[in-house]
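Here the protein sequences come in this chain order: F and X.
The first sequence stops at residue 287 when you use this note's numbering, and every number in between is there.
The second sequence stops at residue 618 when you use this note's numbering, and every number in between is there.
Written below as structure tokens is the structure these notes are about.
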Amino acid sequence: MDLFFQQILNGLTIGSVYSLVALGLTLVFGILHVPNFAHGALYMVGAYIALTVMTALGVHYWIGLIIAVIVIALLSVLMERLVFSRLDSKDPLPIMIASIGILFFLESFAQYMWGSQYQRMVTPYGDTIQIFGLTVTMQRLLVIIAAVALMYALHLFLTKTMTGAAIIAMSQSKNGAFLVGINATRVSMLTFAIAGGLAAAAATLAAPINLVFPSMGNLVIMKAFVIIIIGGMGSIPGAIIGGYILGMAESLGATYISGDYKDLIAFVLLVLILTMKPNGLFAKGVK
Amino acid sequence: MTKKTYLLLALLVAALLFPILVPNQYYLQILILVFIWTIAVYGLNTITGLTGQLSLAHAGFFAIGAYSLGLLTINAGIPFWAAFVLAIVITTIISFFIGIVALRTKSHFFAIYTMSVGFLIYLIIYKSELTGGVRGLIGIPNPAPIGPLTFESIQSYYYLMLFFLLLTIFFMYRLFHSLLGKTFIAIRNSEELAETLGISVMKNKLLAFVISAGLASLSGALYASYVRFLGPQMADIHVAFEILLYLLVGGIGTLAGPLIGTFIVVVLTQMLQFLEEFRMLVFGPIVVLLILFYPRGIVGGYLMWRAKRAKKQKVAEASSTKGENGNAVNH
Numbered sequence: 001m002d003l004f005f006q007q008i009l010n011g012l013t014i015g016s017v018y019s020l021v022a023l024g025l026t027l028v029f030g031i032l033h034v035p036n037f038a039h040g041a042l043y044m045v046g047a048y049i050a051l052t053v054m055t056a057l058g059v060h061y062w063i064g065l066i067i068a069v070i071v072i073a074l075l076s077v078l079m080e081r082l083v084f085s086r087l088d089s090k091d092p093l094p095i096m097i098a099s100i101g102i103l104f105f106l107e108s109f110a111q112y113m114w115g116s117q118y119q120r121m122v123t124p125y126g127d128t129i130q131i132f133g134l135t136v137t138m139q140r141l142l143v144i145i146a147a148v149a150l151m152y153a154l155h156l157f158l159t160k161t162m163t164g165a166a167i168i169a170m171s172q173s174k175n176g177a178f179l180v181g182i183n184a185t186r187v188s189m190l191t192f193a194i195a196g197g198l199a200a201a202a203a204t205l206a207a208p209i210n211l212v213f214p215s216m217g218n219l220v221i222m223k224a225f226v227i228i229i230i231g232g233m234g235s236i237p238g239a240i241i242g243g244y245i246l247g248m249a250e251s252l253g254a255t256y257i258s259g260d261y262k263d264l265i266a267f268v269l270l271v272l273i274l275t276m277k278p279n280g281l282f283a284k285g286v287k
Numbered sequence: 288m289t290k291k292t293y294l295l296l297a298l299l300v301a302a303l304l305f306p307i308l309v310p311n312q313y314y315l316q317i318l319i320l321v322f323i324w325t326i327a328v329y330g331l332n333t334i335t336g337l338t339g340q341l342s343l344a345h346a347g348f349f350a351i352g353a354y355s356l357g358l359l360t361i362n363a364g365i366p367f368w369a370a371f372v373l374a375i376v377i378t379t380i381i382s383f384f385i386g387i388v389a390l391r392t393k394s395h396f397f398a399i400y401t402m403s404v405g406f407l408i409y410l411i412i413y414k415s416e417l418t419g420g421v422r423g424l425i426g427i428p429n430p431a432p433i434g435p436l437t438f439e440s441i442q443s444y445y446y447l448m449l450f451f452l453l454l455t456i457f458f459m460y461r462l463f464h465s466l467l468g469k470t471f472i473a474i475r476n477s478e479e480l481a482e483t484l485g486i487s488v489m490k491n492k493l494l495a496f497v498i499s500a501g502l503a504s505l506s507g508a509l510y511a512s513y514v515r516f517l518g519p520q521m522a523d524i525h526v527a528f529e530i531l532l533y534l535l536v537g538g539i540g541t542l543a544g545p546l547i548g549t550f551i552v553v554v555l556t557q558m559l560q561f562l563e564e565f566r567m568l569v570f571g572p573i574v575v576l577l578i579l580f581y582p583r584g585i586v587g588g589y590l591m592w593r594a595k596r597a598k599k600q601k602v603a604e605a606s607s608t609k610g611e612n613g614n615a616v617n618h
């Protein structure tokens, strides 16, 4: 039974990371209709930025995380300005191809800058503690707590501020938002910034557990796509719940079915879901 | 038209005489790779260029074709050419069943679905005992001799690949100028409209998907018989992207695009050898710039330019004749 609860806790940790990444992806998709394949590359570069400022400047873990979030948010906005805002959101093919182009550029860039070997990120939270008879590292608990805090902050931002309301309005009806005078450029830049920031935060939180390497974003982004399809593309609660479901399924599947094929679970799940419901579960207005 | 025919004939003669005139092994190797990849790019062009569905499972079908040939010849001991045909048949059957399910999804969903299928194929090849896993598959035999033709020298490989490439181009030419090709394009332009015209969208998309996978597996089987070593990396999503890059540079949805795009990128890659794994530092931005400023690629851009020029000439002619008429009235 201990093993079971240990795996539940692991599932919560992985699920928190997945949820944060899927949240950014679903914001950009639901509001701007951009299926951003480069989102995983932002995640990866985020981890490297945090690692670099931590080792090169010797700053604290949290400062490293904040710098990574800011840098990646800016990079994400730059992507939006230079590429996605210039493409017609009604034609999916060019957008998808362009985002794949950015993905491979960033991955190659990371390999060039930081080398292709695996790197370890050291945190001040390496100690293990005992709760309810389970042994966990502080870092794992931190991932869960920080992720929930971030999600709650995002929820407050979206529901309590005017800017947040504008983002929600854009996601509900683009034309309606224009009619009441919402600045579309500002909203889309902001959305990309939030999405990038969430990815960088997720990466820096997960990096001490998972190591840092150039292709670390690939599996995460594919799974994030699976999650937003499970949760309904563009749905914020869907992305969060979907992330935790997948995290749990993988963690329990690895223990009780097969560790070798744990990465298969997400894709088998996706293939099954899309086979039965070609528009995804909980499909809403978003095409 | 005659000028074009002469040009094509000259190109064909040049391709046939190349190994005799330039007995350079290195150049021949590059051209062989160009020929093999071009066939796969024609495959992607059928589903993505003509029918407008971005498939990211293409590297998977390429790998299934290659591995089928490898496993059938090494493990099952089936004669080479029988295995060759079987490899393509197996892939088309698999792609038929994947297509039935995948094509119920649209645009983004289709791309993500095929990406997942591609990844599943990669993972299965990577983890399976049968395929040799990470170690890969070694010892794929030479193509067996056909009558007096033997395939041992690099020149003979060159002609074998050229033969299959010409076959593919001929097939694509017929497809482009057939009702079926036009049907595919109608679906790309608007599925709803095509449906209203009485076109069975699903059936035609499935056909395009199967043709596409068939060409990819042909390319994969040729690759296996040329390189004679297979690793799971060939099913990686990067390979799917590479094929897409060749198609984009040449011109998506055009007849000559795949050949020209593959040739240029492969030769360019050879010239940029010093970049090796950092190639994407150059090619990533190229893809983004192409999509932003030159979405039709080299061939598509040229066709547009020619069409514009012809239109301008027509307008100029029309206005000059109008001018004469005007003068006539004044007289």
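We treat Cβ as the ideally placed atom computed from N, Cα and C, and that holds for glycine.
Three-state class that DSSP yields for residue i in the structure shown
| i | result |
| --- | --- |
| Thr52 (chain F) | helix |
| Thr455 (chain X) | helix |
| Gly613 (chain X) | With a pLDDT of only 46 at Gly613 (chain X), under the threshold of 50, the placement of this residue in the model should not be trusted; the figure read from the coordinates follows. It is helical. |
| Gln139 (chain F) | helix |
| Val21 (chain F) | helix |
| Phe213 (chain F) | coil |
| His618 (chain X) | Residue confidence for His618 (chain X) is low, a pLDDT of 44 falling below 50, so the modelled location carries little weight and cannot support an answer. |
| Phe528 (chain X) | helix |
| Asn279 (chain F) | coil |
| Ile182 (chain F) | coil |
| Gln340 (chain X) | coil |
| Phe37 (chain F) | coil |
| Phe406 (chain X) | helix |
| Ile229 (chain X) | Residue 229 (chain X) is absent from the structure shown; chain X starts at 288 and stops at 618. |
Cα-Cα separation, residue i to residue j
| i | j | result |
| --- | --- | --- |
| Met567 (chain X) | Thr338 (chain X) | 27 Å |
| Asn36 (chain F) | Leu103 (chain F) | 9 Å |
| Ile381 (chain X) | Ile524 (chain X) | 19 Å |
| Asp127 (chain F) | Asn10 (chain F) | 16 Å |
| Leu546 (chain X) | Glu416 (chain X) | 36 Å |
| Gln520 (chain X) | Val421 (chain X) | 9 Å |
| Gly538 (chain X) | Leu579 (chain X) | 14 Å |
| Lys601 (chain X) | Tyr293 (chain X) | 26 Å |
| Tyr112 (chain F) | Glu479 (chain X) | 46 Å |
| Phe396 (chain X) | Pro278 (chain F) | 8 Å |
| Val552 (chain X) | Ile227 (chain F) | 35 Å |
| Tyr256 (chain F) | Lys262 (chain F) | 10 Å |
| Val286 (chain F) | Ala184 (chain F) | The predicted position of Val286 (chain F) is uncertain, since its pLDDT is 44 and thus under 50; a value taken from the coordinates is nonetheless stated next. Looking at the two C-alpha atoms, the distance is approximately 18 Å. |
Chain X within 7 Å of residue i, Cβ atoms only
| i | result |
| --- | --- |
| Gly285 (chain F) | Low per-residue confidence applies at Gly285 (chain F): pLDDT is 46, beneath 50, and the placement is therefore not dependable, though the value from the model is reported in the following sentence. Gly285 (chain F) does not count as touching chain X. |
| Ala98 (chain F) | yes |
| Val83 (chain F) | yes |
| Gly238 (chain F) | no |
| Pro214 (chain F) | no |
| Arg86 (chain F) | yes |
| Pro124 (chain F) | no |
Proximity test, Cβ basis, 7 Å: residue i and chain F
| i | result |
| --- | --- |
| Pro572 (chain X) | yes |
| Ala346 (chain X) | no |
| Lys414 (chain X) | yes |
| Met567 (chain X) | yes |
| Phe384 (chain X) | no |
| Leu424 (chain X) | no |
| Leu505 (chain X) | no |
| Leu517 (chain X) | no |
| Phe406 (chain X) | yes |
| Leu331 (chain X) | no |
Below-7 Å beta-carbon distance, residue i vs any chain B residue
| i | result |
| --- | --- |
| Arg140 (chain F) | Protein chains F and X are contained in the structure displayed, whereas chain B is not. |
Proximity test, residue i beta-carbon vs the ligand NAP heavy atom, cut-off 6 Å
| i | result |
| --- | --- |
| Pro35 (chain F) | With respect to the ligand NAP, the structure shown offers nothing to examine, as it has no ligands at all. |
_Under 7 Å (Cβ pairs) to chain X, residues found in the segment 247-275 of chain F_ = Asp260, Tyr261, Asp263, Leu264, Phe267, Leu270, Val271, Leu274, Thr275
*Decide if the segment 570-578 of chain X is in contact with the segment 92-106 of chain F; the criterion is three or more beta carbon pairs, one per stretch, under 8 Å apart.*
yes
*Would you check if the segment 242-258 of chain F and the segment 48-60 of chain F touch, i.e. whether three or more CB-CB distances between them fall below 8 Å?*
no
*Of all the residues that make up the segment 93-117 of chain F, which are near chain X by a beta-carbon distance shorter than 7 Å?*
Those would be Leu93, Pro94, Met96, Ile97, Ala98, Ile100, Gly101, Ile102, Phe104, Phe105, Glu107, Ser108, Phe109, Gln111, Tyr112, in chain order.
*What residues in the segment 156-172 of chain F have a beta carbon less than 7 Å from any beta carbon of chain X?*
none
*Kindly confirm or deny that the segment 418-437 of chain X and the segment 354-364 of chain X touch, where touching means at least three C-beta pairs closer than 8 Å.*
yes
*Please name the residues in the segment 537-564 of chain X whose beta-carbon is closer than 7 Å to at least one beta-carbon of chain F, in chain order.*
Of all residues in the segment 537-564 of chain X, Glu564 have a Cβ within less than 7 Å of some Cβ in chain F.
_Contact residues within the segment 572-586 of chain X, judged by C-beta distance below 7 Å to chain F_ = Pro572, Val574, Val575, Ile578, Leu579, Pro582
*asked:* Any C-beta of chain F within less than 7 Å: which residues of the segment 389-403 of chain X qualify?
replied: Arg391, Thr392, Ser394, His395, Phe396, Ala398, Ile399, Tyr400, Met402, Ser403
*Report the residues of the segment 203-236 of chain F with a CB closer than 8 Å to any CB of chain X, ordered along the chain.*
Asn218, Met222, Phe225, Val226, Ile229, Met233
*For the segment 450-476 of chain X, which residues have a CB atom closer than 9 Å to at least one CB atom of chain F, in sequence order?*
none
*Using 8 Å as the threshold, is the segment 146-160 of chain F in touch with the segment 191-203 of chain F, meaning 3 or more CB pairs across them?*
yes
*Can you find at least 3 beta carbon pairs, one from the segment 328-346 of chain X and one from the segment 490-506 of chain X, that sit closer than 8 Å?*
yes
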